[in-house]
Each structure stands twice: as structure tokens, then as C-alpha cells.
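Its first residue numbered 172, the sequence shown is counted upward by one per residue in my numbering. Each remark here refers to the structure printed beneath this line.
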Amino acid sequence: MKVSSTKHNLLSAVRQLPREKWALGATILTGKMIGLLLVLVAMISLPGIFGTSAHAADTYTAHETALINTVNTVWTLVAAFLVFGMQAGFVMLEAGFARKRETVNVLMECIFDTCLCGLLFYAIGYAFMFGNGNGFIGWGGLGADGKTITNWFFLQNTPATYGATGIPLLAHWIFQYAFADTCSTIVSGAMIGRTSFRGDILYSIGITGFIYPIIGHWAWGPDGFLATMGATGGFLPTLGQPFRDFAGSTVVHTIGGVASLAGAMVLGPRLGRIFARDDKEKGGLPAGHNLLVAAVGGFILWFGWYGFNPGSTLSAMDMQGIGRVAANTTLAACAGGFAAMLAALWWGPTKGKFDLAFTINGFLGGLVAITCPCYWVSPLGAILLGAVAGFVIFAGVYIIEWFRIDDPVGAVSVHGLCGIWGTLSLGLFASGQFGSTGPTGADNSAPVTGLFYGGGFGVLKAQAIGSFAITASVFIITFVMMYIINKLPNPWKLRIEEHGEAGLGGIDVFDHGIEVYPAQEEEISLSGLFDKGVKSTSEV
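Structure (C-alpha cells):
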């Protein structure tokens with residue numbers, strides 16, 4: 172290796188890895204680890220003090236129940252913080268897969284969506300989603316007479332705790348805000364590079380304030396028509412099965428992925444985007460400008476998923492459930508990444524090569540797929556459905572490409588298609604062995620049995636009905652909303668003005684007045700550093 176090359180590499184490393192940032196990152200990571208350790212110690216010790224989680228709630232004293240609720244609250248909040256940390260992963264993943272001239276816009280949209288989501292989910296979103304109302308929309312809580320509903324807007328008139336969990340309602344709000352923020356961020360993935368920032372403001376209000384919480388109410392609301400499906404007096408009472416979505420394959424990921432599909436279709440492709448069906452030599456899937464950033468973002472998302480799925484138990488006492496969910500989450504991700512890597516190796520654009528982008532999206536697809544059935548399937552089932560998700564990713568990317576839909580990060584395939592697959596897979600792989608009888612936490616007490624374990628088609632039918640209802644509704648409503656926004660005059664039109672997208676610096680300079688990589692300072696000579704004893708590789 173030449174000395175000049177060594178100097179250049181060393182200079183790049185010095186510039187990119189300042190000690191202060193590494194120290195700060197280590198401090199933050201240490202703090203998170205201490206917090207997680209404290210929660211884990213409590214989770215291990217409490218069952219030993221109070222017995223197993225199989226005891227009924229009335230066997231605990233008031234003091235014991237209060238202590239259990241405290242630990243469950245801490246567990247839920249730690250999970251919420253992990254899920255919120257996924258925003259860093261989304262920012263890096265989307266920025267890495269985007270073109271350089273689109274990066275500031277990606278960062279700004281993700282940060283803005285996080286701020287907007289918090290305000291809207293506080294003002295109206297939580298009431299729409301988790302309040303009582305009717306089968307289609309919630310707005311508040313039942314009064315003392317059991318009939319009158321008082322509104323929960325701005326979290327007013329809310330009870331002290333969420334349902335029968337014993338968890339403070341505000342703690343549950345934080346947890347669900349992180350979920351809502353995840354859905355909001357997913358939407359922008361397929362719309363990178365040609366969405367005006369003002370257009371992003373408008374559609375984000377629609378997604379975060381109305382579409383996500385109202386449609387989410389159908390599956391997660393106390394009286395949502397999908398949540399009560401199959402029950403006496405509910406929707407399709409003869410079906411005998413409700414729609415189930417443990418942690419959000421449909422409610423979070425399918426809603427986000429399908430909404431991003433609608434937006435990408437309204438926008439059309441980015442300028443200069445060439446599809447393989449139009450030009451086999453020049454067309455095809457464009458590479459992101461920084462796959463290192465994308466890969467790190469993917470791993471941050473994987474880490475955050477350990478709050479997403481295990482945290483949805485809402486109970487630190489459900490030790491078996493938490494362990495199973497965490498293991499299933501891990502195995503599905505591993506299988507998805509491995510399967511997508513093999514698919515790209517055998518049939519991908521660089522046949523015979525190991526494709527990094529497909530591998531990243533493969534393990535993300537496995538994570539999305541396992542999010543719905545993670546509580547009710549066995550580890551083997553998690554591996555199988557995760558592997559299928561990896562192939563779904565690969566096929567989905569090329570289907571989207573064939574239809575000339577420009578999806579820079581693969582959001583439609585990862586979140587939309589794998590969300591649908593994961594939801595349906597519950598009706599196939601649910602083993603019928605797992606259920607929780609803990610005194611607090613989410614209501615997961617009824618075991619679920621899928622088709623492959625002798626449960627018949629009942630669960631699969633319920634999952635298919637729920638998935639179709641949500642997918643179709645989200646697509647139609649979002650497409651109409653995006654179409655209307657795109658008909659507004661500039662600068663509020665959904666698609667950025669052509670000269671802004673095509674101009675020097677692209678959308679970053681046009682909408683934000685800055686580039687993510689400004690002109691580098693004049694390179695400092697390292698000759699003195701080498702003169703003082705740093706040897707070149709040729710001297711070692």
C-alpha cells in the first residue's frame with residue numbers, strides 16, 4: 172500500500188470518528204444497559220418472591236399487586252424507549268438507501284414526523300385509537316352509567332391506568348406513541364427524493380392524526396369491529412375468531428407500507444430513475460449512496476424490535492412469553508436475512524454475488540412478519556415464516572419495480588407485503604400451546620391454533636378478513652388524500668417542483684438550503700504526523 176493512500180485513510184478515519192462522539196455514544200449505551208439490567212433483575216426476582224405468573228390476580232395482596240404494577244410499568248417504559256430509538260435506525264436506513272442529494276430531506280422528514288406525531292397522538296390520536304366509541308372509531312371512556320362516553324382528547328377525562336393492566340395510562344400513551352411514530356416514518360420511505368416538505372407536512376397530519384389511529388382502532392380498540400369479530404353481537408359472530416395482531420404486523424407495518432405505496436404511485440418515479448423493463452442495461456434497482464449507514468440503521472432497528480415485540484406483553488411477570496417472543500423475533504430476523512441473501516445470490520441483479528441491500532431488507536422483513544404471531548408460534552414456526560418473508564422481500568421488490576413504482580428503500584415490500592404475510596402466517600403456524608394467565612399485562616390468555624397444527628381454517632379466515640379490510644381501506648383513503656394534496660398549487664403540492672428536484676443540490680438545497688455533505692475543508696497534511704514516528708504500511 173502506498174504511503175499517500177495510508178495518509179488519506181487515516182485522515183478519513185480521524186475526521187469521521189471524533190473521540191467525543193464515541194465517548195458520548197458509549198455513555199448513552201452504558202446508561203441504557205444499566206436500565207435494562209435493573210428491569211431484568213426485577214423480572215427475575217419478582218416471580219420468585221410472589222410465585223409464578225400462573226396465579227390468579229386475587230391471590231396477590233394489594234402491596235404485591237402494586238409492586239408488580241410498578242415493575243410492569245418500568246418494563247413497558249423501557250420497551251417504549253427502545254421502540255422510540257428505532258427512529259435513529261429509520262433515519263440511517265432511509266438516508267443510506269437514498270441518493271446523496273436527497274439525504275437532508277430524509278433527515279428532516281423523519282425528525283419532523285416524530286415531533287408532529289407526538290402532538291397529534293396526544294391531542295386526538297390516542298382517543299381515536301384506544302377510546303370507546305363504536306366499531307370504527309373511538310373517542311373516550313365510558314361514564315359511571317356504562318353508556319355515556321366522555322372524550323379523551325388531549326388525554327382529558329382518562330382513567331389513571333390503561334384497562335386492567337395496572338399500567339399508568341400515560342405510560343401506555345408513551346409506548347403507543349412510539350408505535351404511531353414508527354408507522355408515520357415508514358410512509359416516507361417509498362416517497363424519498365420527490366416529496367416537497369410542505370406536502371410531507373400535510374400528508375403526515377392525515378396519516379398520524381386520522382388514518383393510523385382510526386383504522387388501528389378497528390384491531391386494537393376496546394370495541395373495534397375486528398377486535399370483537401366472531402363474538403356474540405360482534406362482526407361475523409359465526410366465525411368464532413377475532414382478528415389478532417400481537418405487536419403490529421398489520422396495525423403498524425401494513426398501514427405504513429400500504430400508505431407509502433399509495434404515495435409513491437401518486438408521485439411517480441424520481442427524475443432520472445430508469446426501470447429494468449425499459450432499459451435492461453441502464454435500468455434496475457439503484458444502489459443507495461451509503462450502504463454503511465443503511466446497514467447500521469438496520470441493526471439499530473433490529474435492536475429496537477426487542478422493545479417492539481417483547482414489550483407488547485405489557486407485563487414483566489410473563490417470563491415465558493417475553494422469552495419466547497424475544498427468541499422468535501431473533502430467529503425470524505435471522506431466517507429472513509439468510510433467505511433474502513440466498514435469493515439475491517441465485518436470482519438477483521448481481522447473480523453469484525452476496526447482496527448487502529437485500530440482506531438488510533431480508534432481516535427487516537423477517538422482523539415485520541414475526542411481529543403479529545410472535546406470541547403464539549414456536550421457534551421453528553418463527554424460522555419458517557421468517558424465511559418465507561425473505562423470499563417475499565426479494566419477489567416484492569421486483570414486482571414493485573416491474574410496475575414502475577419507485578421505492579428507494581423497499582418500504583412496500585418490507586412493511587406492506589411482509590406485514591400481510593406475517594398476519595396470515597398466524598393462521599398457519601400458531602401452535603395452540605402458548606397463552607398467558609398472568610394477573611396483569613396484555614390479554615393474551617387464549618391459546619391460538621393454526622391450520623398446520625390442526626386448528627382448521629378459522630384463525631386463517633379471521634386474519635385474512637382483517638388484513639384485507641385494513642389494507643384496502645388504507646390504500647383507498649391514502650391514495651385519495653395523496654392525490655388531492657398533489658393537486659394543490661406549489662409550494663404545497665405533494666411533488667416538489669421539477670426545477671427543485673433537478674437543480675444543483677436537488678431537493679436538499681431547494682427545500683432546506685443545505686447539503687448533507689458540504690464542501691470539505693482543505694485537507695490537512697499528515698506529513699508531520701508520519702515524520703514523528705507513525706510508520707507507513709510499507710515500513711511495517
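All C-beta atoms, glycine included, are put in the ideal place defined by N, C-alpha and C.
Asked	Found
Supposed contact pair E686 and G676 - C-beta distance, whole angstroms, cut 8 angstroms	6 angstroms
Neighbour-count burial assignment, H424, 16 or more Cβ in a 10 Å radius	buried
Alpha-carbon to alpha-carbon, S584 and S216	Reliability of the predicted coordinates at S216 is poor, the pLDDT of 48 falling under 50, and the value obtained from them is presented with this limitation in mind. If you take the alpha carbons of S216 and S584, they lie about 42 angstroms apart.
6 angstroms Cβ shell around V496 - same chain, five flanking residues per side excluded	N480, P481, C545, Y546
F255 versus F509: straight-line alpha-carbon distance, rounded	27 angstroms
Validate contact between the stretch 512–529 and the stretch 555–568 using beta carbons, cut 8 angstroms, 3 pairs	yes
Check whether G557 and A540 have beta carbons under 8 angstroms apart	yes
Secondary structure, beta strand (DSSP E): runs of 3+ residues fully inside the stretch 348–434	none
Simplified DSSP state of L313, which is helix, strand or coil	strand
Buried or exposed by the 16-neighbour rule on C-beta atoms within 10 Å, applied to A633	buried
Whole-number beta carbon distance between Y624 and S602, since they are thought to touch under 8 angstroms	5 angstroms
Proximity to S483 [Cα-Cα], best of V429, D577, F346, L472	F346
Sequence-distant residues of its chain with Cβ nearer than 6 angstroms to D371 (five each side left out)	E280
Spatially closest choice to I591 from P393, H670, V422, G469, by CA coordinates	V422
Spatial distance of G377 from G621 (CA atoms)	36 angstroms
Length of the line joining the Cα atoms of C286 and A435	23 angstroms
Boundaries of the alpha helix (DSSP H) in which I655 is found, first to last residue	629–657
Own chain residues within Cβ distance below 7 angstroms of G704, not counting five before or after	In this prediction, G704 scores a pLDDT of 46, lower than 50, which makes its location untrustworthy; no coordinate-derived value is stated.
Supposed close pair D394, D284 - CB separation, criterion 8 angstroms	Not confirmed; about 29 angstroms, so no contact.
G267 to T409 span [Cα, whole Å]	49 angstroms
8 angstroms CB neighbourhood of L278 in its chain, flanking five on each side removed	V262, A266, V687
Where the alpha helix (DSSP H) through T501 begins and ends	490–518
Through-space distance from Y348 to A194, alpha-carbon basis	The predicted model places A194 with a pLDDT of 43, which falls under 50 and marks its position as unreliable, so this point remains unresolved.
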